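Chains as they are written, first to last, in the UniProt record's numbering: chain A, 1 to 269; chain B, 1 to 269.
Heads up, the beta-carbon is just placed ideally off N, CA and C, and yes, glycines get one too.
Computed from a predicted structure; not experimentally measured.
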């Protein structure tokens, strides 16, 4: 059992909290049982090491330890002090994995003939980004696209707030917004800017075709140039007196509206 | 201009951050321009005092200062140090109001023949509670009901996260869950537990009738007794691999589904 919080290996894991270190090493940390369970289940080939405290090894034996060992992964027991030194979260619940960065490309995503996508441009809040990834997963979207000007989706806070969804669908990062909109159009995917200033109400948008929701910044929305490059600008109806919905709520409502139309059969499910 | 952060008046405002003081005085603080603007606009009769820094007085002159004075309210200039001492937020953006607690009752709400309600039982996270109130407002719900075991909706964090929606629709607090479910049924309002274990999928629920969404705790959901007391248990479909949606997202999707059905005309808007 690893018990020295100042060991080189502990420092190396802890350093993954920094974006520069993640970029240099091509690895990132996943903290907490939900994320670790999902990465072991859906992306075991990317997991380098799993660290568990003795207590967590018992609690998550069936959920994490057994499946991880069955997948041929290294599961290391560490003291609670070592796990705390490795983790960003105050309460990582005794489990942490070091995972290779996946690098799906926009070409990969488009080659799979996607029906439903979401593009985050300039999204800065980790919780918002993570919640949109989770909502996109729940709505059955084919992938999440993230512009280079957005928050790093491999930061501990985003990884946590995706609740494991980061390992359920491709998340393409570092994209140029304009080039991405052009590539989507060329691939026959319509682009819908989600914006309170949109002329088209969500129930009137054509959601049966393959499309990508384009989301702007939490505070200032989408710049006019981006809205103009999109095929339509769509707004979620506000029925009460609220000025707007927050970004994650608006994205989730749009994605669920799309799923509801795309997955409806003759009985209008 | 009030410049002494240790003045009695400053301490009295600052003390409103404590639930016990809010309960004793029947007042609470609203921080930041969005909340203050909305309370001045929609509930000016409940505003006791508005405090602004000189900089904020200029910036929010048309939005807050002029409407507040037109409504006969006291607008006091205070130094930035005084505002910081009064406020809970790190960046209250120069504006704070002290507001009388409203006490709408469940009877008031039911007397208005509501079509769409949401009941929060055991919701503990301030951001979740605030986001649901904002989503209920946007979806045009008639009121939000909050059980006695939930977070205090007048705490600074909840007030902030409602983004002003707290003043847009009645929010009834301190309710007993079982008694509330009984009162809703007696008033002809159907009760739908939103729960991942529900047998009815959201698109199959009868949303045309008057109904109330019943939301449980963030982590453990609704107890079986509560689910059984409801007329139906409804789940939001999960199309991808996500285990669940978070509470605020699930509530917003349910409320928007209801609004979409209740507000649809012959053209299925």
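Requested in this report: Would you decide whether residue 327 of chain A is buried or exposed? Buried here means 16 or more other CB atoms lie within 10 Å of its CB.
Outcome: Residue 327 of chain A lies beyond the residue range present for chain A, which begins at 1 and ends at 269; the question has no answer from this structure.
Query raised in the report: If the cut is a Cβ gap below 7 Å, which residues of chain B does residue 256 of chain A touch?
Result: Here residue 256 of chain A refers to the residue found at position 256 when the first chain is read from its first residue. In chain order: 253.
Report task. Check each candidate in A:1, A:201, A:160 and A:58 and name the one with the smallest Cα separation from residue 39 of chain A. Result -> Counted from its first residue, the first chain places residue 39 of chain A at position 39. For residue 39 of chain A, the nearest C-alpha among the options comes from A:160.
Query - Reduced DSSP category for residue 212 of chain B - H, G, I as helix; E, B as strand; rest coil - result: Within the second chain, residue 212 of chain B is the residue found at index 212, counting from 1. Here residue 212 of chain B sits in strand by DSSP.
Query - Boundaries of the beta strand (DSSP E) in which residue 232 of chain B is found, first to last residue - result: Stepping through the second chain from its first residue, residue 232 of chain B is reached at position 232. Looking at the DSSP string, the run of the beta strand (DSSP E) that includes residue 232 of chain B is 232-235.
Query raised in the report: Are there 16 or more other CB atoms within 10 angstroms of the CB of residue 69 of chain B, so buried, or fewer, so exposed?
Result: For the purposes of this step, residue 69 of chain B is taken as residue 69 along the second chain, with counting starting at 1. Exposed, by the Cβ-count rule.
Query raised in the report: Okay, do the region 73-80 of chain A and the region 47-56 of chain A touch, 3+ Cβ pairs below 8 Å being the bar?
Result: yes
Report task. Find out if the Cβ-Cβ distance for the pair residue 234 of chain A, residue 210 of chain A is shorter than 7 Å. Result -> Position 234 of the first chain, counted from the first residue, corresponds to residue 234 of chain A. Position 210 of the first chain, counted from the first residue, corresponds to residue 210 of chain A. Not closer than 7 Å, so no.
Query raised in the report: Between the beta-carbon of residue 255 of chain B and the beta-carbon of residue 136 of chain B, is there less than 7 Å?
Result: Position 255 of the second chain, counted from the start, is the residue given in the question as residue 255 of chain B. Position 136 of the second chain, counted from the start, is the residue given in the question as residue 136 of chain B. Cβ distance < 7 Å, so residue 255 of chain B and residue 136 of chain B count as in contact.
Query raised in the report: Can you tell me whether residue 167 of chain A is buried or exposed, with buried defined as 16 or more other CB within 10 angstroms of its CB?
Result: One-based indexing of the first chain puts residue 167 of chain A at position 167. Label assigned to residue 167 of chain A: buried.
Query - Spatial neighbours of residue 274 of chain B in its chain, beta-carbon cut-off 6 Å, leaving aside the 5 residues before and after - result: In this structure chain B extends from 1 to 269, so residue 274 of chain B is not present and cannot be described.
Query raised in the report: Cα separation between residue 158 of chain A and residue 91 of chain A?
Result: Position 158 of the first chain, counted from the first residue, corresponds to residue 158 of chain A. Position 91 of the first chain, counted from the first residue, corresponds to residue 91 of chain A. So the alpha carbons of these two residues sit roughly 16 Å apart.
**Report entry** Neighbouring residues, chain B, relative to residue 245 of chain A (Cβ below 8 Å)
**Finding:** Locating residue 245 of chain A in the first chain gives position 245, where the first residue counts as 1. In chain order: 134, 135, 138 and 252.
Query raised in the report: Between A:10, A:96, A:229 and A:129, which lies nearest to residue 186 of chain A when the distance is taken from Cα to Cα?
Result: In the first chain, counting from the first residue as 1, residue 186 of chain A sits at position 186. Of A:10, A:96, A:229 and A:129, the residue nearest in Cα terms is A:229.
Query - Nearest to residue 9 of chain B (by Cα), restricted to the options B:165, B:41 and B:82 - result: Position 9 of the second chain, counted from the first residue, corresponds to residue 9 of chain B. The residue with the shortest Cα to Cα distance from residue 9 of chain B is B:82.
Query raised in the report: Any idea what DSSP makes of residue 268 of chain A, helix, strand or coil?
Result: On the first chain, residue 268 of chain A is found 268 positions in, with the first residue counted as 1. Per-residue confidence for residue 268 of chain A stands at a pLDDT of 40, beneath the threshold of 50, marking its modelled position as unreliable; the derived number appears in the next sentence. Three-state DSSP puts residue 268 of chain A in coil, outside helix and strand.
Query raised in the report: From which residue to which residue does the alpha helix (DSSP H) around residue 161 of chain A run?
Result: By 1-based counting over the first chain, the position of residue 161 of chain A is 161. Element bounds for residue 161 of chain A: 156-161.
Query raised in the report: Quick one: Cα of residue 150 of chain B to Cα of residue 23 of chain A, how far?
Result: Translated into positions along the second chain, residue 150 of chain B becomes position 150. Translated into positions along the first chain, residue 23 of chain A becomes position 23. C-alpha of residue 150 of chain B to C-alpha of residue 23 of chain A: approximately 42 Å in a straight line.
**Report entry** Which of helix, strand or coil DSSP assigns to residue 60 of chain A
**Finding:** Taking the first chain and counting its residues from 1, the one referred to as residue 60 of chain A is at position 60. Reduced to three states, the DSSP call for residue 60 of chain A is coil.
**Report entry** Identified DSSP bridge partners for residue 27 of chain A
**Finding:** Reading the first chain from its first residue, position 27 is the one you call residue 27 of chain A. Bridge partners of residue 27 of chain A: A:100.
Query raised in the report: Closer than 7 Å, CB to CB, is residue 211 of chain A near chain B or not?
Result: Residue mapping note: residue 211 of chain A aligns to position 211 of the first chain, counting from 1. So, not an interface residue.
Query - chain A contacts made by the region 224-243 of chain B, where a contact means CB separation under 9 Å - result: Cβ contacts with chain A come from 236, 237, 238, 239, 240, 241, 242 and 243.
Report task. Using DSSP bridges, identify the partner residues of residue 221 of chain A. Result -> Locating residue 221 of chain A in the first chain gives position 221, counting from the first residue. A:217, per the DSSP bridge assignment.
Query raised in the report: In chain order, which beta strand (DSSP E) runs of at least 3 residues are fully inside the region 122-160 of chain A?
Result: 143-147
**Report entry** Identity of the residue in A:28, A:53 and A:173 nearest residue 1 of chain A by Cα
**Finding:** The residue you call residue 1 of chain A lines up with position 1 of the first chain. Minimum Cα distance to residue 1 of chain A is reached at A:53.
Query raised in the report: By a C-beta neighbour count over all protein chains shown, 10 Å radius and 16 as the cutoff for buried, is residue 267 of chain A buried or exposed?
Result: If you number the first chain from 1, residue 267 of chain A lands on position 267. Interpretation of residue 267 of chain A is limited by its pLDDT of 42, a score under 50 that renders its predicted location unreliable; no figure is taken from the coordinates.
**Report entry** Limits of the unbroken beta strand (DSSP E) element including residue 180 of chain B
**Finding:** For the purposes of this step, residue 180 of chain B is taken as residue 180 along the second chain, with counting starting at 1. Taken as a continuous stretch (DSSP letters only), residue 180 of chain B belongs to no beta strand (DSSP E), being part of the alpha helix (DSSP H) at 177-186.
Report task. Look up residue 239 of chain A in the DSSP assignment and give the residues it is bridged to. Result -> Here residue 239 of chain A is taken as the residue at index 239 of the first chain, counted from 1. BP columns for residue 239 of chain A are empty, so no partner.
Report task. May I ask you to report which of helix, strand or coil DSSP gives residue 49 of chain B? Result -> On the second chain, position 49 is the one that residue 49 of chain B refers to. It is a strand residue.
Query raised in the report: Looking at residue 191 of chain A and residue 201 of chain A, is the spacing between their C-beta atoms short of 7 Å?
Result: For the purposes of this step, residue 201 of chain A is taken as the residue at position 201 of the first chain. For the purposes of this step, residue 191 of chain A is taken as the residue at position 191 of the first chain. In this structure, residue 191 of chain A does not lie closer than 7 Å to residue 201 of chain A by Cβ.
Query raised in the report: Are the region 139-146 of chain A and the region 104-112 of chain A touching by the rule of at least three beta carbon pairs closer than 8 Å?
Result: Yes: at least three Cβ pairs fall under 8 Å.
Query raised in the report: Apart from the five residues on each side of it in sequence, which residues of its chain come closer than 8 Å, Cβ to Cβ, to residue 176 of chain B?
Result: If you number the second chain from 1, residue 176 of chain B lands on position 176. Excluding residues within five positions, the ones whose Cβ falls inside 8 Å are 147 and 148.
**Report entry** Rounded separation between residue 165 of chain B and residue 100 of chain A - CA only
**Finding:** Locating residue 165 of chain B in the second chain gives position 165, where the first residue counts as 1. Locating residue 100 of chain A in the first chain gives position 100, where the first residue counts as 1. Straight through space, the alpha carbons of residue 100 of chain A and residue 165 of chain B are spaced by roughly 43 Å.
Query raised in the report: Tell me which same chain residues have a C-beta within less than 6 Å of the C-beta of residue 37 of chain B, skipping the five on either side of it?
Result: Translated into positions along the second chain, residue 37 of chain B becomes position 37. Cβ neighbours of residue 37 of chain B beyond the five flanking positions: 63 and 64.
Query raised in the report: Roughly how many angstroms lie between the CA atoms of residue 41 of chain A and residue 97 of chain A, to the nearest whole one?
Result: Within the first chain, the letter at position 41 stands for residue 41 of chain A. Within the first chain, the letter at position 97 stands for residue 97 of chain A. Cα to Cα, the separation comes out at about 13 Å.
Query raised in the report: Quick one, which of B:109, B:258 and B:131 has its alpha-carbon nearest residue 244 of chain A's?
Result: Residue mapping note: residue 244 of chain A aligns to position 244 of the first chain, counting from 1. Residue 244 of chain A has its Cα closest to that of B:131, out of B:109, B:258 and B:131.
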